[in-house]
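S.K.:
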Amino acid sequence: MGSITLSKVSKTFGEAKVIPSIDLEINDGEFVVFVGPSGCGKSTLLRLIAGLEDVTGGQIKIDGRDVTDAAPAERGLAMVFQSYALYPHMSVRKNIAFPLKMAKMEQSAIDKKVADAAHILNLTDYLERRPGQLSGGQRQRVAIGRAIVREPSAFLFDEPLSNLDAALRGTMRLEISDLHNQLKTTMVYVTHDQIEAMTMADKIVVLNRGNIEQVGSPLELYKSPRNLFVAGFIGSPKMNLLEGDYAKAKNGKTVGVRPEHIGLSKDSGLWKGRVSVAEHLGADTFLHLDVDGIGPITARAGGEFGASYGDTVYLTPDETKLHRFDDKGLAIRA
Amino acid sequence: MATQNTKTLARLMMAPSVIVLLVWMAVPLAMTLYYSFQNYNLLTPQNVSFAGFFNYQYFYTDPAFFQSIWNTMLLVLGVLGITVIGGVAIALLLDQPIFGQGIVRILVISPFFVMPPVAALIWKNMIMHPGYGVLADLARFFGVQPIDWFAQYPLFAVIIIVAWQWLPFATLILLTALQSLDSEQREAAEMDGANFFNRFIYLTLPHLSRAITVVILIQTIFLLGIYAEILVTTNGGPGYASTNLTFLIYRTARLGYDVGGGAAGGIIAVVLANIVAFFLMRAVGKNLDK
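Quick mapping for you: the protein sequence lines, in order, are chains S and A.
All the letters of the first sequence, read from the start, carry residue numbers 7 to 340 under this note's numbering.
All the letters of the second sequence, read from the start, carry residue numbers 2 to 291 under this note's numbering.
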């Protein structure tokens, strides 16, 4: 069990209103990702759920129980911190056992749970080491191990992968997804990296300045962003947002077209552009172009597309996949 | 070649300070060693002769010798106990956000700036005096017989005074260590269900262990040589009740005019201090390697 309900939750630090008012429903067993730019209040929201910060107003319920004023330990949640927050003077075994020891569990039961967690996380060979003797990825796993032995009703992750290098981040992403599939426990995950959000989430919550911009599955957000902010935030490379005559012709203030929905050709097309930067990744080619009468455009070609700086390329947007937005930045549904 | 030149030059440049330091250390030690083997009493300065180990035997068989060593140990351990425990407690309090934090911290640290004889005189005449001390006033207010600190508990009185002087030092070091504790670790422990007491035992205290080691090492070095506080308060008495090793050496050399005996006592003190340092480093110095 692990459903979390936020109703009209708000938080102010002195004069600053970090979170004006948020309503959110997190269902049992869901993998929910809070994503947004730095300072959007996503970490604060997580800390409010954890109980490490007190709410200014509103109510938090876990499994229907009002925990708004409950201490962190009473909420039955486990948290994995960005800095891992391992206890440096304790061995890996003692780190993982710490929450159980605090719960006054019997030593034999503790040993068994620690062994199980170490087995799941491939830490069995490192149990006697100190955190200082481990690599970043191993420390991350110890932090996760310390969280899972408690069998919490939900896991909270605060940007857990941001201190790892790119390759390790990919591996850990898979491991956490795998862990979620095994445990089927609710997970709330905070990140500013939309790739992590897209790949891991059942449900993404896009936050901006303390407000929820949109809630939905990764593909919902990708296919039908509710407004300009979500359109620009979800997707990599970013959606091209065009204003001016082309947008007017399509009956919108702004028109968005994703880089992967632009056809490229060296001979003919709707627009004519000059390559300013070409990124050849092998599997994809990203072209950053200056288009006459439109402005800068990013386009993606699958596979290798032979173009380099200064070349002329013709582009044709897939007009069935355009996103149109009105004056207020809200999406216009056809 | 260039590196070689730089190295030679660097050594040349450093040489004067190294030599001065060496001379500064070695000459007094050598002179003390020399005098410790001489019959040299200032009352009869013309009768200077080689004494062999007589001075050592004389100092060692002094009836006050073992008591002074015992007093030295009590003094060091007593002050260490009060300052480490009190320092941790005060540092924990000072770490809380309070109004007027800056002023409070300066006030707490200020005893360290009072020089030892002055501090001891103030304690002797204004606080612990059985007639007009503050403590005597308090005792009378409660209708109790005032304590004559320096007559009834001379060593304990000295311990209190010295501890008062060193408490700010311990507090300061421990407070800075406390402030370097990662807040996420504290929050993680909070999530793990550790209450304040458990967080202190399992998180704060291990984090402070290195700072406590530093406090113990530095204070021990200074506390072995406590002298001024004893001189201005009890003068080592009554009897030898508050005489430590340093004070016994002073007594032999300056009150007994026995330069040879005092020098021998000095050498014994150096040897003992090194033994203490050796065991101390083995016992607590490990903490510094982590």
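Even for Gly, the Cβ is constructed at its ideal location relative to N, Cα and C.
#1: At the level of alpha carbons, what is the spacing between tryptophan 165 of chain A and serine 184 of chain A?
#2: Skipping 5 residues on each side, what residues in its chain have a beta carbon closer than 8 Å to that of leucine 170 of chain S?
#3: Proline 323 of chain S bridges to which residues according to DSSP?
#4: Check whether chain S comes within 8 Å of leucine 204 of chain A, counting only Cβ atoms and requiring the distance to be less than that.
#5: Per DSSP, which one or two residues make a beta bridge with arginine 200 of chain A?
#6: Closer than 8 Å, CB to CB, is aspartate 138 of chain A near chain S or not?
#7: Output needed for isoleucine 110 of chain A: all residues of its chain with C-beta closer than 8 Å, excluding positions within five of it in sequence on either side, in chain order.
#8: Assuming leucine 209 of chain A is part of the alpha helix (DSSP H), what are its boundary residues?
#9: Looking at chain S, is there any beta carbon in it that lies within less than 8 Å of the beta carbon of asparagine 199 of chain A?
#10: Aspartate 259 of chain A versus chain S: which residues are under 9 Å apart at the beta carbon?
#11: Tyrosine 41 of chain A and valine 28 of chain A: beta carbons closer than 8 Å?
#12: For proline 239 of chain A, count neighbouring Cβ atoms within 10 angstroms of its own Cβ and tell me buried if that reaches 16, exposed if not.
#13: Count the other C-beta atoms from every protein chain shown that fall within 10 angstroms of the C-beta of glycine 312 of chain S, then say buried if there are 16 or more, exposed otherwise.
#14: Let me confirm a value: glycine 82 of chain A is counted as buried when at least 16 other C-beta atoms fall within 10 Å, else exposed. Which label applies?
#15: Measure from the alpha carbon of glycine 266 of chain A to the alpha carbon of each residue in A:Tyr133, A:Gly103, A:Arg141 and A:Phe55, then state which is nearest.
#16: Leaving out the 5 sequence neighbours to the left and right, which residues in its chain are closer than 8 Å to glutamine 88 of chain S when beta-carbon positions are compared?
#17: Here's the rule I'm using: 16 or more other beta-carbon atoms within 10 Å means buried, otherwise exposed. How should lysine 48 of chain S be labelled?
#18: Measure the beta-carbon distance from alanine 284 of chain S to serine 242 of chain S and round it to whole angstroms, keeping in mind my assumption that it falls under 8 Å.
#19: For isoleucine 201 of chain S, which option in S:Tyr228, S:Thr191 and S:Gly299 has the closest C-alpha, if you only look at C-alpha atoms?
#20: Strictly below 7 Å CB to CB, what residues from chain A border serine 89 of chain S?
#21: Spatial neighbours of threonine 205 of chain S within its chain, please: C-beta separation below 7 Å, excluding the five flanking residues on both sides.
#22: Under 8 Å Cβ to Cβ from aspartate 290 of chain S, same chain only, skipping five residues before and after it: list those, please.
#23: For glycine 138 of chain S, which residues in the same chain have their Cβ closer than 8 Å to its Cβ, ignoring the five residues on either side in sequence?
#24: State the Cα-Cα distance for the pair valine 212 of chain S and glycine 258 of chain S, rounded to the nearest angstrom.
#25: For valine 39 of chain S, which beta-bridge partners are listed by DSSP?
#26: Are there three or more Cβ pairs, one per stretch, closer than 8 Å when the segment 110-119 of chain A is compared with the segment 218-234 of chain A?
#27: Who are the Cβ neighbours of leucine 204 of chain A in its own chain at under 8 Å, not counting the five residues just before and after it?
#28: Please name the residue, chosen from S:Lys67, S:Ala149, S:Gly57 and S:Lys254, that lies closest to lysine 100 of chain S on a Cα-to-Cα basis.
#29: Label valine 145 of chain A either buried or exposed according to how many other C-beta atoms from any shown protein chain fall within 10 Å of its C-beta, with 16 as the threshold for buried.
#30: Using the C-alpha atoms, what's the distance from alanine 178 of chain A back to valine 159 of chain A?
#31: Pull up the DSSP beta-bridge partners for lysine 119 of chain S, would you.
#32: Note down, in chain order, each residue of its chain lying with its Cβ closer than 8 Å to the Cβ of leucine 106 of chain S, except the 5 sequence neighbours on either side.
#33: By the criterion of Cβ-Cβ separation under 9 Å, what are the contact partners of alanine 115 of chain S in chain A?
#34: Going by alpha carbons, who is nearest to methionine 192 of chain A out of S:Lys327, S:Leu162 and S:Ile182?
#35: Below 8 Å, how does it come out for the segment 43-62 of chain S and the segment 10-26 of chain S: are there three or more Cβ pairs, yes or no?
#36: In chain S, what lies closer than 7 Å to glutamate 230 of chain A by C-beta?
M.R.: According to the data block:
#1: 31 Å
#2: If we look at leucine 170 of chain S and ignore the five residues flanking it on each side, its Cβ neighbours are Gly142, Gly143, Gln146 and Met178.
#3: S:Ile268
#4: Under the Cβ distance rule, leucine 204 of chain A counts among the residues neighbouring chain S, one pair being separated by less than 8 Å.
#5: In the DSSP output, where bridge partners are listed per residue, arginine 200 of chain A has none listed.
#6: no
#7: Pro169, Thr172 and Leu173
#8: 206-224
#9: yes
#10: Here the premise fails: no neighbours, minimum Cβ distance about 52 Å.
#11: Their beta carbons are not under 8 Å apart, which means tyrosine 41 of chain A does not touch valine 28 of chain A by this criterion.
#12: exposed
#13: exposed
#14: exposed
#15: Of the candidates A:Tyr133, A:Gly103, A:Arg141 and A:Phe55, the one whose C-alpha sits nearest the C-alpha of glycine 266 of chain A is A:Phe55.
#16: Asp164, Glu165, Pro166, Ser168 and Asn169
#17: Buried is the call here.
#18: With a contact defined as Cβ atoms closer than 8 Å, alanine 284 of chain S and serine 242 of chain S miss out at about 17 Å.
#19: From the listed residues S:Tyr228, S:Thr191 and S:Gly299, the smallest Cα separation to isoleucine 201 of chain S is found for S:Tyr228.
#20: Asp183 and Glu185
#21: Result list for threonine 205 of chain S: Arg179, in chain order.
#22: Arg306, Ala307, Gly308 and Gly309
#23: Pro94
#24: 23 Å
#25: S:Tyr195 and S:Ile210
#26: The count of Cβ pairs closer than 8 Å, one atom from the segment 110-119 of chain A and one from the segment 218-234 of chain A, reaches three, so the stretches are in contact.
#27: Leu182, Gln186, Arg187, Ala190 and Ala195
#28: S:Ala149
#29: exposed
#30: 29 Å
#31: Answer is none; lysine 119 of chain S lacks a bridge partner.
#32: Ala115, Ile116, Lys119, Val120, Val155 and Arg156
#33: None at all; the shortest Cβ gap to chain A is about 16 Å.
#34: S:Leu162
#35: Output reads yes: the segment 10-26 of chain S touches the segment 43-62 of chain S.
#36: Neighbours of glutamate 230 of chain A on chain S: none; closest Cβ ~37 Å, over 7 Å.
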